[in-house]
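Colleague:
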Amino acid sequence: MDSETRLLYWLFYASRGGPTRLKIVKTLFRKPLNMHQLALSTELDYKTVQGHIKILLENGVVEQLKKGYGAIYFVNEGWNDNEYFNQILRGEDDGKKRKKG
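Here it is in structure tokens:
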């Protein structure tokens, strides 16, 4: 497992906030939004979204257009070529380990 796959696995499956972060990223993949719009779209508390966006920014999964109030968030285009990332977004990977064979 390469480092990008390991990071994505941790962000979306191996940590407690994974399902919430996945919901946020899937929403942002469809359309860039500001924090308020994202909270409304995902039906999550603003502070919850804020905390998860911070983690996604720190790990380079999400980027922001400007700093401060009204900043627009979007999925970092660098992940577009990552097959595992695309499988996650399409719902083809549920984070469970597969048996070889």
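In our numbering, the protein residues as written are 220 to 320. All residues carry an ideal CB built from backbone N, CA and C; glycine is no exception. Given the structure is predicted, the values throughout are model-derived calculations rather than measurements.
Could you tell me which residues DSSP puts in a beta bridge with Val-280?
Modeller: Taking the sequence shown and counting its residues from 1, the one referred to as residue 280 is at position 61. In the DSSP output, where bridge partners are listed per residue, Val-280 has none listed.
Colleague: Of all the options Gly-270, Leu-226, Lys-250 and Ala-233, which has the alpha carbon lying nearest to the alpha carbon of Tyr-292?
Modeller: Counting from one through the sequence shown, the residue named residue 292 turns up at place 73. Among Gly-270, Leu-226, Lys-250 and Ala-233, the Cα nearest to that of Tyr-292 belongs to Lys-250.
Colleague: Let's see if you can read the secondary structure: which residues bound the alpha helix (DSSP H) around Phe-248?
Modeller: Taking the sequence shown and counting its residues from 1, one reaches residue 248 at position 29. Looking at the DSSP string, the run of the alpha helix (DSSP H) that includes Phe-248 is 237-249.
Colleague: Please determine if the region 251-271 and the region 222-230 are in contact, where contact requires at least 3 C-beta pairs separated by less than 8 Å.
Modeller: The answer is no - the region 222-230 does not touch the region 251-271, with fewer than three Cβ pairs under 8 Å.
Colleague: List the residues that DSSP assigns as beta-bridge partners of Phe-304.
Modeller: As a position in the sequence shown, residue 304 is number 85, starting the count at 1. BP columns for Phe-304 are empty, so no partner.
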